[in-house]
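What follows is one structure encoded as structure tokens, with my remarks underneath.
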Amino acid sequence: MTDTPLFSVKNLVKHFPVHGGLLQREVGRVQAVDDISFALNPQETLGMVGESGCGKSTTAKLVVRLIEPDSGRMELDGLPLSRGRAWDKDFRRRVQMVFQNSFSSLNPRMPIASSIAFAPTIHGASRTKSMQRAMELLEIVGLDPSLYGGRYPHELSGGQRQRVNIARALAVNPDLVILDEAVSALDKSVEAQVLNLLADLKRDFGLTYLFISHDLNVIKYLSDRVVVMYLGKIVESGPVEAVYGMPRHPYTRALLDSMPSVIPGKRSDHAPLTGDPPNPINPPSGCRFRTRCPHAEPVCGKAVPPLLEPIGSASQQTLAGHEVACLMHQRGSGHSQAPEGEPVREAV
Amino acid sequence: MLQYPESPSTVPADITVQNVLKGTGYWRLVWSRLRRQPVSLVATVILLAIVFVAVFAPWLTPHNPYTTSSLNRLLPVGSEGHILGTDENGRDMVSRLMYGARLTLLAGVLPIVVGIVIGGTLGVLAGYSGGWVNTLIMRITDVFYAFPPVLLAIAITGTLGTGMGNMLIALSITFTPPLIRIAETVTTQVRTQDYVEAARISGADTASIMRHHIMNNVMGPILVYATSLISISIILAAGLSFLGLGVSAPLAEWGLMLNGLRQVVWIDPLLAAIPGVMIFITSMSFNLLSDGLRQAMDVRL
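Top line first, the protein sequences correspond to chains A and B. First residue of the first sequence: 40, per our numbering; consecutive thereafter. First residue of the second sequence: 68, per our numbering; consecutive thereafter.
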């Protein structure tokens, strides 16, 4: 891994105003993404997991610049992307996305080969060259170009359509591909095939993935590092082994406990997490998870816990890069379960 | 600039772009589906026949449609030399119907074509832009919607004066708002689809998104709706002429002919009904074609 991340976001914020009342005045703001930072190293897969409505898809749209953030920095190859660079051809070639809905992400009135060839023509490739590349890509994603190239999206199955969408994203030789719930709508056997295809493509093309999903099994299979989001904030991040092996945040633990197990003895009959996430228009003060957290104490409502390396007991070794936003794992935070000692002061 | 790695193609040489995309053009697909519907086929044949007769009327008519004959007034259907009889001024019905087809088709099609061009443009603009542009265009459209179409057409011809030209203007104004609305609705739907977002992510500008992703999805529903409006326009034009607000005598127009023969309905009802039957057949054919077109264009069927 090199030192410069391929892509990084710092303190990204996106709030959506909510209008209501007779005069359509702004009555609140949905804090969809609130101050998140993460980095994607070249040729790694970053998994992003969280419940519905936690801001995963908003993050995806921010990363591909379909929407502009309220504040925060985004860097590609260590170079900042300013507002004016949003339509930069280079960025638009290097960062591509695969959507969840395989049907609505293909033009229903275009043969699939033309859909794949559309993006290269935008970037200056000739029509013939683009079509040739489309044929090659169909072959690469496992669809016979002579059989499928001239077909329309409705003539394909969901798995085949998602293969086409992957080919469409790869048509411009991107470096970073955002997969927003790309396999969530597929049935399990097809999902496995597409996951294997994604793993192969990543190796063959040297791709970097931002893999967004609510399915922990899928994230674990494909990712190198994981980011856990809750209500617009990152609560835990780190290497897959660390987050899955030694989850620190109560939310991550609850998520992992709720993972359906294939081993009958390990099945639990109680829900590890009850209730719904709070309204993102009015999130709880301090730690946003405290309303559902079994370990919550008054101190949790006072300040937003920073994302820091967890301080564990001697038996729990912390892997490099593992970070958690929970007072229980921060020295001298005031939480009864926190280790003793001087609090870690963040540079303001 | 996009550079592909220089590697030998993995695709066999016989799989060429031409081979794969052969016969997959969207409109070709629609036509091949339309051909398989007997009802649409019959409607198309009827319409083509009417268009043919209208275009070549001067060469096809057995008599001059304006030559009156006091001796031959109201000859019944099946008379010698006048297959469909003569009207209240002794003019040959067949010839007048043929010439009438010209004006009727013009009154049916031209306002809709104008409506598609103006209404389609404004509707797509409103749908794609959203925001205040949408609000402005759509609220002005709503004003036109406040009037029933017949009343609106009558009011406009009443203001502008009678005559063919003014009638066409009135009908164009009447049929533009519904086309704005359908274009806006469809564009709004298409604009938020993932494939449009995907095209934006690929760096496509508004012009190429419009050309490749919006227009081909919007034109279908607009055309289907416009075809069904043609029949309404024909009926409305005939109605305006019947009321004396459209074409004036002695021009041959089906609505006007119906008005002239109205007085003889007790003498020869069959004769009086003929122009009405022609209006019915023509507008029915347009409606059936519109229905068939809708089915042929639905890619999900």
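Each residue gets a CB set at the ideal place from its N, CA and C atoms; glycine is no exception. Because the structure is a prediction, the values reported are computed rather than measured.
Check whether the Cβ atoms of residue i and residue j sit closer than 8 Å, and answer yes or no.
i, j, result
"Val257 of chain A", "Val222 of chain A", "yes"
"Val279 of chain A", "Ser262 of chain A", "yes"
"Thr224 of chain B", "Leu307 of chain B", "yes"
"His54 of chain A", "Val69 of chain A", "yes"
"Gly313 of chain B", "Gly327 of chain B", "no"
"Gly157 of chain B", "Arg169 of chain B", "no"
"Leu145 of chain A", "Arg264 of chain A", "no"
"Leu355 of chain B", "Leu303 of chain B", "no"
"Leu360 of chain B", "Leu172 of chain B", "no"
"Pro378 of chain A", "Ala364 of chain A", "no"
"His193 of chain A", "Pro150 of chain A", "no"
"Pro349 of chain A", "Thr330 of chain A", "no"
"Tyr195 of chain B", "Ile268 of chain B", "no"
"Ile297 of chain B", "Val122 of chain B", "no"
"Gln139 of chain A", "Glu220 of chain A", "yes"
"Leu51 of chain A", "Ser91 of chain A", "no"
"Leu255 of chain A", "Leu295 of chain A", "yes"
"Val144 of chain B", "Leu338 of chain B", "yes"
"Val137 of chain A", "Ile205 of chain A", "yes"
"Gln199 of chain A", "Leu182 of chain A", "yes"
"Thr349 of chain B", "Ile117 of chain B", "yes"
"Pro289 of chain A", "Pro319 of chain A", "no"
Which of the three DSSP states, helix, strand or coil, is assigned to residue i?
i, result
"Lys53 of chain A", "strand"
"Ala71 of chain A", "strand"
"Phe353 of chain B", "helix"
"Phe138 of chain A", "coil"
"His58 of chain A", "strand"
"Pro278 of chain A", "strand"
"Met40 of chain A", "Low per-residue confidence applies at Met40 of chain A: pLDDT is 47, beneath 50, and the placement is therefore not dependable, though the value from the model is reported in the following sentence. Three-state DSSP puts Met40 of chain A in coil, outside helix and strand."
"Ser295 of chain B", "helix"
"Arg64 of chain A", "strand"
"Ala353 of chain A", "In this prediction, Ala353 of chain A scores a pLDDT of 48, lower than 50, which makes its location untrustworthy; the coordinate-derived value is nonetheless stated afterwards. Three-state DSSP puts Ala353 of chain A in coil, outside helix and strand."
"Tyr269 of chain A", "strand"
"Ala78 of chain A", "strand"
"Ile150 of chain B", "coil"
"Leu145 of chain A", "coil"
"Phe46 of chain A", "strand"
"Pro213 of chain A", "coil"
"Ser375 of chain A", "coil"
"Tyr248 of chain A", "strand"
"Gly111 of chain A", "strand"
"Met298 of chain A", "coil"
"Pro119 of chain A", "strand"
Nearest-angstrom Cα distance between residue i and residue j?
i, j, result
"Pro216 of chain B", "Leu61 of chain A", "33 Å"
"Ala353 of chain A", "Ala281 of chain A", "Residue placement at Ala353 of chain A is flagged as unreliable, the pLDDT there being 48, under the threshold of 50; the coordinate-derived value follows with that caveat. When rounded, the distance between both Cα atoms is 16 Å."
"Arg327 of chain A", "Arg132 of chain A", "37 Å"
"Gln63 of chain A", "Ile236 of chain B", "39 Å"
"Leu176 of chain A", "Arg248 of chain B", "40 Å"
"Phe142 of chain A", "Pro159 of chain A", "21 Å"
"Val210 of chain B", "Pro56 of chain A", "31 Å"
"Asp127 of chain A", "Glu320 of chain B", "60 Å"
"Val332 of chain B", "Thr208 of chain B", "41 Å"
"Cys93 of chain A", "Leu101 of chain A", "14 Å"
"Ser137 of chain B", "Ile299 of chain B", "36 Å"
"Lys111 of chain A", "Ile161 of chain A", "Going by the sequence as given, residue 111 of chain A is Gly instead of Lys. Computed Cα separation, rounded: 29 Å."
In its own chain, which residues sit with a C-beta less than 6 Å from the C-beta of residue i, not counting the 5 before and 5 after it?
i, result
"Ala173 of chain A", "Ala152, Ile155 and Ala156"
"Leu376 of chain B", "Nothing in the structure corresponds to residue 376 of chain B, since chain B is present only between 68 and 368."
"His374 of chain A", "Glu336, Val338, Leu366 and Met367"
"Lys341 of chain A", "Gly325"
"Glu178 of chain A", "Pro184"
"Asn284 of chain B", "Val257"
Less than 8 Å between C-beta atoms, sequence neighbours within five positions excluded: which residues of the same chain meet that for residue i?
i, result
"His279 of chain B", "Ala266 and Ala271"
"Leu192 of chain B", "Val200 and Ile204"
"Leu127 of chain B", "Val120 and Met165"
"Phe130 of chain A", "Arg104, Leu115, Leu120 and Arg124"
"Pro323 of chain A", "Pro317, Arg329, Thr330 and Gly340"
Spatial neighbours of residue i within its chain, please: C-beta separation below 7 Å, excluding the five flanking residues on both sides.
i, result
"Arg292 of chain A", "Pro286"
Cβ pair count under 8 Å reaching 3, the stretch 199–216 of chain A against the stretch 239–253 of chain A: Verdict: yes, contact present.
Under 8 Å, with one C-beta from each stretch per pair, do the stretch 290–305 of chain B and the stretch 171–181 of chain B reach the 3-pair mark? Segment contact: the stretch 290–305 of chain B against the stretch 171–181 of chain B, three or more CB-CB distances shorter than 8 Å; contact assigned.
Is the stretch 243–262 of chain B touching the stretch 227–235 of chain B, taking contact as three or more C-beta pairs under 8 Å? By the Cβ test, the stretch 243–262 of chain B is not in contact with the stretch 227–235 of chain B, since fewer than three Cβ pairs between them sit closer than 8 Å.
Between the stretch 157–166 of chain B and the stretch 336–344 of chain B, do three or more beta carbon pairs fall short of 8 Å? Counting Cβ pairs under 8 Å, three or more are found: they touch.
Is the stretch 109–118 of chain A touching the stretch 41–49 of chain A, taking contact as three or more C-beta pairs under 8 Å? These segments touch.
Report yes or no: do the stretch 275–289 of chain B and the stretch 246–254 of chain B share at least 3 C-beta pairs separated by less than 8 Å? Per the Cβ contact rule, the stretch 275–289 of chain B is in contact with the stretch 246–254 of chain B (3 or more Cβ pairs under 8 Å).
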